[in-house]
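In our numbering, the protein residues as written are 8 to 156. Right, one structure below, let's go through it.
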């Protein structure tokens, strides 16, 4: 995965959680289950983006919703409540050292974890919005993301 994806994802998506749009009162819940977290160190950040930013995924400046939790080795669960029906792309990032960005090794390969809904391959760059998107209808939905390190 190119270093520009990682840096942009960390800075544009996960660090701007303060400017999130408030969710409406009615809608369906989206449960995001993250598998394969390698340590209890740092935080896991999860971002939800709409098609309005599809051309910029996962680099979009604004998120529809986002959250984070203290990392727990193994599996973690996040729930986004009352999402209006539509398409949403979901991404996750494990900030193990708490510096607010995903760290890269000498060859530009991430040394911290990342993942996307539908677990698309990302060896040659980030997936498209559609590859990482899920459809939310009137009923609750669940996605499982296997985090890659």
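For glycine and all other residues, C-beta sits at the position ideal for the given N, C-alpha and C. Keep in mind it's a predicted model, so treat the numbers as computed, not measured.
Between residue 85 and residue 38, the C-beta gap is smaller than 9 Å, which places the two residues in contact. The C-alpha of residue 143 lies about 21 Å from the C-alpha of residue 63.
In this chain, the beta strand (DSSP E) harbouring residue 40 covers 35 to 44. Membership of residue 121 in the beta strand (DSSP E) is indicated by the continuous run 121 to 123. Annotated three-state conformation of residue 102 is strand, per DSSP. Comparing alpha-carbon positions, the option among 120, 125, 66 and 133 lying closest to residue 80 turns out to be 120. With contacts defined as CB atoms closer than 9 Å, residue 44 and residue 73 fail to qualify as a contacting pair. When secondary structure is reduced to three states using DSSP, residue 70 falls in the coil class, being assigned neither helix nor strand. Annotation for residue 118: no beta strand (DSSP E) segment contains it, and DSSP assigns it neither H nor E.
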